[in-house]
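Written out below as structure tokens is the structure these notes cover.
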């Protein structure tokens, strides 16, 4: 009887010790889950499961042009089931021309529902293969989904036309797309040499300076400063819900990049410094086109930026 009592007590003691050990392990695991950065290889995994705080999301939403950022270099007429289609592959030279095209969706039908991006349902760009002749147009759409882009006179040569848009419904809803096609303008084509990389340029009496050293494939801030007659410009007017619109094209393949503005618009007194979010995917020379408005007039400045 005494032996049985001692055996029962011993079993109870072992069980209690096991429970205490299990509790200690559980507490240790809970404590370590609060800080995974000390565990090799766990830092990035932990960050990927954390949602942005409300303040962070709100701050990004306040940045003009950051709501629907397009991906890719735009060098294809098809992406994600969406296609840029046009009946003409040849355009006339020396006169204005209305280019008609459609954006078809994954179902093969013309898309008619688009979400405005920087106040426009579509941004349309034309650039010659030597990165001259830049045009930024906001085409109009008919009820059947046919778009019309009114192009200014085109010089002979090969041109690439880009369509930048965000579907308002369907499988691509809320996602930015940039699609393009090449067009031939008949005639004797003379290639213009690309101006050398420079930090500043002049247009209409304004001096435009770009600060920043972007690296290919990496996010990097760029700052654009404007001056006139040696004095900082502070009377920039809003243009497309920002104080400036910055587009870039890569030398050689005319790859597209839209550099998104991050300076908040606060009325008709922007400048002199404007911030942009730059992510240029390829090294080499990029031709930048900056559009800004003063006194109701739109100005376009161009310079070459070297990306390492």
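Numbering (my numbering), first residue to last: 18 to 325. Note that beta-carbon positions come from the ideal geometry of N, C-alpha and C, so glycine has one too. Computed from a prediction, not measured in an experiment: that's the story for all the values here.
Cα-Cα separation, residue i to residue j
i           : j           : result
residue 105 : residue 118 : 9 angstroms
residue 58  : residue 100 : Unreliable placement is indicated for residue 58, whose pLDDT of 30 sits below 50; the coordinate value is still reported in the next sentence. When rounded, the distance between both Cα atoms is 41 angstroms.
residue 112 : residue 289 : 37 angstroms
residue 179 : residue 140 : 8 angstroms
residue 277 : residue 126 : 30 angstroms
residue 93  : residue 308 : 25 angstroms
residue 323 : residue 168 : 29 angstroms
residue 137 : residue 183 : 10 angstroms
residue 232 : residue 142 : 24 angstroms
residue 149 : residue 186 : 35 angstroms
residue 191 : residue 201 : 33 angstroms
residue 252 : residue 95  : 41 angstroms
residue 281 : residue 204 : 45 angstroms
residue 247 : residue 215 : 18 angstroms
residue 135 : residue 279 : 12 angstroms
residue 177 : residue 196 : 10 angstroms
residue 158 : residue 103 : 14 angstroms
residue 151 : residue 188 : 32 angstroms
residue 234 : residue 325 : 10 angstroms
residue 222 : residue 155 : 26 angstroms
residue 269 : residue 220 : 25 angstroms
residue 193 : residue 181 : 7 angstroms
residue 208 : residue 110 : 15 angstroms
residue 129 : residue 98  : 15 angstroms
residue 147 : residue 123 : 33 angstroms
residue 121 : residue 173 : 29 angstroms
residue 133 : residue 206 : 36 angstroms
residue 160 : residue 114 : 21 angstroms
residue 316 : residue 213 : 21 angstroms
Assigned exposure category for residue i - 16 Cβ within 10 Å defines buried
i           : result
residue 267 : buried
residue 198 : buried
residue 297 : buried
residue 283 : exposed
residue 259 : buried
residue 286 : exposed
residue 331 : Any answer about residue 331 is impossible in this case: the structure gives the chain only from 18 up to 325.
residue 311 : buried
residue 249 : exposed
residue 18  : With a pLDDT of 41 at residue 18, under the threshold of 50, the modelled position of this residue cannot be trusted; read the value that follows with caution. When all chains shown are included, residue 18 counts as exposed.
residue 313 : exposed
residue 166 : buried
Top-ranked residue by Cα proximity to residue i, from the options
i           : options               : result
residue 318 : 305, 325 and 324      : 305
residue 145 : 261, 269 and 175      : 175
residue 294 : 241, 246, 258 and 311 : 241
residue 217 : 237, 229, 208 and 206 : 229
residue 131 : 162, 320, 249 and 154 : 162
residue 299 : 316, 315, 271 and 292 : 271
residue 321 : 166, 120, 315 and 227 : 227
residue 254 : 110, 291 and 207      : 291
residue 116 : 315, 153 and 164      : 164
Any C-beta of chain C under 8 angstroms from that of residue i
i          : result
residue 99 : Reference to chain C is not applicable here, since this structure consists of a single protein chain.
Contact belief for residue i with residue j at Cβ below 8 angstroms, rounded distance in angstroms
i           : j           : result
residue 225 : residue 243 : 6 angstroms
residue 90  : residue 211 : That pair is no contact at about 18 angstroms.
residue 171 : residue 108 : 6 angstroms
residue 274 : residue 261 : The Cβ separation is near 15 angstroms, so there is no contact.
Task: Runs of beta strand (DSSP E) wholly within the stretch 213–244 (minimum 3 residues, chain order) - done: 217–220 and 223–228
Open item on the list: As an exercise, report each continuous beta strand (DSSP E) stretch of at least 3 residues that is fully enclosed by the stretch 120–184, in chain order.
Closed with: Within the stretch 120–184, the runs of beta strand (DSSP E) that reach at least 3 residues and sit entirely inside it are, in chain order, 139–145, 152–154, 163–168 and 174–182.
TODO: Please list the segments of the beta strand (DSSP E) lying wholly inside the stretch 86–114, counting only runs of 3 or more residues, in order along the chain.
DONE: Along the stretch 86–114, the beta strand (DSSP E) occurs as fully enclosed runs of 3 or more residues at 99–103, listed in sequence order.
- [ ] Please list the segments of the beta strand (DSSP E) lying wholly inside the stretch 237–283, counting only runs of 3 or more residues, in order along the chain.
- [x] 237–245, 262–267 and 273–278
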